[in-house]
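Below is one structure, written out as structure tokens; comments come after it.
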Amino acid sequence: MFTMQYDEKFIDAIANKIADRATEILTERLSSLNELPKILTRDEAMKVLRCGPTKMAELMARPDFPVNHEFGKKIPTAMLFKWIENNTRWVEDNTKYFKKGVTA
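Add 11 to a position in the sequence shown, counting from 1, and you land on the number used in my numbering.
What follows is the structure, encoded as structure tokens:
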């Protein structure tokens, strides 16, 4: 069997490289989120959600999905991200994010 051993200097160099790349990716994503308009059209929301027209129609028909009908069917960006956060089961099932301040 082949085994490799790494010294702390090598491990630190790799960790720093990974951290730098993660920071670059996060910065790119945050800047693109900040460039989104405050109100999304159906097509813009489809691009954000990376879904097709059928799935978008299903989402927009849900009573809990944030659609404003006052000036055409538009989706407030902040409310969309809040809706995504509230409807992501993985977070609830695997973290204590929604249980902040609750003692077990």
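Here a beta-carbon is modelled for each residue, glycine too, at the ideal position from N, C-alpha and C.
Checklist entry - Per DSSP, what kind of secondary structure is residue 55 in: helix, strand or coil? => result Collapsing the DSSP output to three states places residue 55 in a helix.
Checklist entry - Hey, quick one: how far does the alpha helix (DSSP H) through residue 98 stretch, first residue to last? => result No alpha helix (DSSP H) holds residue 98; DSSP gives it neither H nor E.
Next on the checklist: DSSP three-state label for residue 87, please.
Outcome noted: strand
Item to check | Own chain, CB closer than 8 Å to residue 94, minus 5 neighbours either side, in chain order | outcome: 75, 76, 77
Checklist entry - Using the C-alpha atoms, what's the distance from residue 20 back to residue 31? => result 16 Å
Checklist entry - What first and last residue would you give for the alpha helix (DSSP H) that runs through residue 69? => result 64 to 72
Checklist entry - Taking the C-alpha atoms as reference points, what is the distance between residue 72 and residue 105? => result 28 Å
Checklist entry - residue 51: which of 92, 27, 107 sits nearest, CA to CA? => result 92
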